[in-house]
Each structure stands twice: as structure tokens, then as C-alpha cells.
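Residue numbers (full-length UniProt numbering): 1 to 303.
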Amino acid sequence: MFDSLSDRLGGVFDRLRGRGALTEADVRQAMREVRIALLEADVALPVARQFVDEATEKAIGQNVLRSVTPGQQVVKIVNDALVAMLGGDDPAAAELNLGVSPPAVVMMVGLQGSGKTTTTAKIAKRLSGGQGGRDRKKVLMASLDVNRPAAQEQLATLGTQVEVQTLPIVAGQQPVEIARRALQAAKLQGFDVLMLDTAGRLHVDQALMDEMKAVADIATPQEILLVVDSLTGQDAVNVAQSFSEQVPLTGVVLTRMDGDARGGAALSMRAVTGKPIKFAGVGEKMDALEAFHAERVAGRILG
Ligand code: GDP
Numbered sequence: 001m002f003d004s005l006s007d008r009l010g011g012v013f014d015r016l017r018g019r020g021a022l023t024e025a026d027v028r029q030a031m032r033e034v035r036i037a038l039l040e041a042d043v044a045l046p047v048a049r050q051f052v053d054e055a056t057e058k059a060i061g062q063n064v065l066r067s068v069t070p071g072q073q074v075v076k077i078v079n080d081a082l083v084a085m086l087g088g089d090d091p092a093a094a095e096l097n098l099g100v101s102p103p104a105v106v107m108m109v110g111l112q113g114s115g116k117t118t119t120t121a122k123i124a125k126r127l128s129g130g131q132g133g134r135d136r137k138k139v140l141m142a143s144l145d146v147n148r149p150a151a152q153e154q155l156a157t158l159g160t161q162v163e164v165q166t167l168p169i170v171a172g173q174q175p176v177e178i179a180r181r182a183l184q185a186a187k188l189q190g191f192d193v194l195m196l197d198t199a200g201r202l203h204v205d206q207a208l209m210d211e212m213k214a215v216a217d218i219a220t221p222q223e224i225l226l227v228v229d230s231l232t233g234q235d236a237v238n239v240a241q242s243f244s245e246q247v248p249l250t251g252v253v254l255t256r257m258d259g260d261a262r263g264g265a266a267l268s269m270r271a272v273t274g275k276p277i278k279f280a281g282v283g284e285k286m287d288a289l290e291a292f293h294a295e296r297v298a299g300r301i302l303g
């Protein structure tokens, strides 16, 4: 198992005790331990580096050196900086921006296997069930994934499970055509929200990126949510970068937070996209979706 950050820093400062006043170099040494803790939690290297630089400046500025418990103070500074960087604990952050004349369009993007289809149905359930203190919405889901066999059927099955309608499947249609048909159906039938589950990709692939951009152009979504597996680790940064260069992301959903990931991907995603992490997937069941809690994840990252 990993040592907790408090233990690590306690160790650093214990070794220095009895040597008189601590120096700036001592703080830097402590921050090296912070960097290791971040990397062990799978925060991407450039993000960890930038975070540590900022936290070091703060620690030196706050006269940690003269404190009686420098270890605890450094932990607090690091924790506060992490929470702030993860977006604070703002309950409004998890809300989707659906305040337009209906239908509001929510587009889900991400790598194949990230949990995109599952998350689409989870969010649809949440919205249609009036969760999160909002009104019950009339939601329509449509899968634009024509590459993976049975992807459209998978969404339809989940739709039945969560009692949310899915767009009838028409064989042979291309994603842009499906998106157009979905928009029209949502308008004509008075749906409040249209959720578009786009094709997954095994890796970042330009043809699929172009397809995603074409769909975004015609559907003009209010929300484009990037779904990322929290176990993605160091690669999370590349995924976030590629997607955010192609479409204007509005938020991130981190899945598999019920697994053994220490949540470092959250910090990387937030740093790279600058967008809020709206939800955390915490299981395979349809109600295993939570608002993202920065405090909780900061604690997990620091160990
Ligand atoms: P997609 O290819 O991105 O659409 O991925 P899917 O939605 O098909 O999900 C792939 C697998 O991950 C499925 O077996 C899901 O049940 C599972 N999954 C999705 N989200 C979570 C989560 O938050 N926790 C766990 N444990 N499993 C999840």
C-alpha cells in the first residue's frame, strides 16, 4: 500500500527536527514527497509538476518554516490547493446547463469502454427522475454509434431499464443523419432533453473526431461531456487534450470511481480542460452516479 502523505511529510520533518529553523530547501524536499504522492495517485506528470510549483510558492509565502507543525501545515496547504484546483465543493458544478428552449442537447464523448453509454443512461435516469432537486424532464436518448455492433441496442436496453425513451433504430443511417432525426423527433414530440451517445473509439482517431465535430455542428449541444475512466491514469491528459482541441467541452464525468483508482485523473482532467467535473460514476448500476466531491477526491489523491 501507499504511505499517506501525512506520514511521508512527518518523516521528512522528523529528520530535520533538532536542526533549528527549517529552510526553504526543506520545504522543497517536502514538496518532492507531495509530488511522489500525486504521481502514485496517477496525476499526470506535467500537472503534478505545475501543482507542486504553485503549492511550494504558497507554503514558502505562508511562513510554514516557523510553524511548530510544519508537516501538518504543508498537508493543509496541499489539500486546500487540491480542493481548489478540483473545483471546490460547489454543488452547482454538477448541474447541467439545460436552460434553453427545449430540447436541450447533451452530447456524450469519450473513448470506447470509458462508460459512455452507461453514463448516458444514468444521467437520463437522473434527469427524468427529477434527481438533484430539479424538475422531472422528458428525456430522449439516441445512440450515434454505428461502428460497434449492437451499441444502439445496448442503449435501447438501458433505456427500457431506466424508463427513458430511445430513438427508434433505423439500420444503415450515419451518425449525422441519426442526430438530425433525433433532434426532429425531440422537437416534434416535446422532449426537454436530448442525449446523444456518440461513437466510442479505441484511441484518438481523426475520422471519428471529424464525425463528432459534424454532429456537434448540427446538434449545437448545451453540454458536451467527456467521459473518462478514472483508471486511465497518465494517459488521461492525452485523452482530455485531444477531445478538448476538437469540440468545446463543457464538463467531465469520471467513471469507475468505485474501483481502486486514487483519483489522480480528476486533477489531470480539470487542469487540462479547465472544465468542471460534473459527475462520478461509482458502479455499474443505473443509480451509481454521484455529484463530484472535490474534498473527497482530494483526500483520496493524498492518501
Ligand atoms: P462505452 O463503450 O464507453 O459506452 O462503455 P460502456 O458504457 O459500455 O461501459 C463499459 C463497461 O464499464 C460496462 O460493463 C459498464 O457497466 C462499466 N461501467 C461504466 N461505468 C462504470 C462505473 O462507474 N463503475 C463500474 N464499476 N463500472 C462501470
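For every residue, glycine included, the Cβ atom is placed at its ideal position computed from N, Cα and C.
Model, not experiment: these values are computed from the prediction.
Per-residue burial, residue i [other beta carbons within 10 Å of its own, 16 or more giving buried]
i: glutamine 189; result: exposed
i: isoleucine 277; result: buried
i: phenylalanine 292; result: buried
i: proline 149; result: exposed
i: isoleucine 218; result: exposed
i: leucine 289; result: buried
i: alanine 171; result: exposed
i: glutamine 152; result: buried
i: serine 143; result: buried
i: arginine 262; result: buried
i: serine 101; result: exposed
i: isoleucine 77; result: buried
i: isoleucine 169; result: exposed
Residues of its chain near residue i, where Cβ-Cβ distance is below 6 Å and the 5 sequence neighbours each way are ignored
i: glycine 61; result: none
i: glutamine 165; result: Leu140
i: leucine 38; result: Ala48
i: arginine 32; result: none
Spatially closest choice to residue i from the options, by CA coordinates
i: lysine 137; options: Met107, Ala186, Arg32, Leu289; result: Ala186
i: glutamine 161; options: Ala150, Val146, Leu196, Ala121; result: Ala121
i: glutamate 54; options: Glu40, Thr118, Leu96, Arg35; result: Arg35
i: valine 12; options: Lys58, Asp42, Val74; result: Val74
i: leucine 96; options: Glu223, Asp197, Arg28, Leu86; result: Glu223
i: arginine 163; options: Ser101, Asp135, Leu127, Thr255; result: Note that residue 163 is glutamate in the sequence shown, not arginine. When each option's Cα is compared against that of glutamate 163, the closest is Leu127.
i: glycine 283; options: Gln234, Gly259, Lys275, Ala265; result: Gly259
i: leucine 111; options: Gly87, Lys213, Leu208; result: Leu208
i: methionine 141; options: Ser268, Ala216, Ile178, Ala214; result: Ile178
i: proline 248; options: Ala81, Lys76, Val109, Val27; result: Val109
i: aspartate 287; options: Ile123, Asp14, Met212; result: Ile123
i: arginine 201; options: Leu194, Ser242, Pro168, Pro221; result: Ser242
i: glycine 274; options: Gly10, Leu167, Leu86, Pro70; result: Leu86
i: valine 52; options: Ser4, Leu167, Ala81; result: Ala81
i: aspartate 14; options: Pro70, Pro102, Ala59; result: Pro70
i: leucine 225; options: Thr56, Thr117, Val27, Asn79; result: Thr117
i: valine 193; options: Ala104, Ile169, Asn238; result: Ala104
i: lysine 215; options: Arg28, Met107, Leu155; result: For clarity, residue 215 is valine in the given sequence; the question names lysine instead. Measuring from the Cα of valine 215, the nearest candidate turns out to be Met107.
Contacts around residue i, its chain only, beta-carbon distance under 8 Å, and the 5 residues preceding and following it disregarded
i: glycine 133; result: Note that glycine 133 scores 49 on pLDDT, short of 50, meaning its location in the model is unreliable; the coordinates nonetheless yield the value given after this. Here the set comprises nothing.
i: glutamine 173; result: Val146, Arg181
i: lysine 285; result: none
Own chain partners of residue i with C-beta closer than 7 Å, once the 5 adjacent residues on each side are dropped
i: glutamine 206; result: none
i: alanine 236; result: Ala44, Val228, Ala265, Ser268, Met269
i: glutamine 246; result: Met209, Met212, Lys213
i: glutamine 154; result: Thr117
For residue i: DSSP bridge partner residues
i: valine 237; result: Paired residue(s): none; valine 237 is not in a bridge.
i: isoleucine 224; result: Met107
i: phenylalanine 279; result: Val253, Ala291
i: leucine 196; result: Met107, Ala142
i: aspartate 229; result: Thr255
Original post:
Along the chain, which unbroken stretches of the alpha helix (DSSP H) at least 4 residues long are found entirely within the segment 94-180?
Top reply: 116-128, 151-162
Original post:
What alpha helix (DSSP H) runs, 4 residues minimum, are completely inside the segment 21-72?
Top reply: 24-40, 45-61
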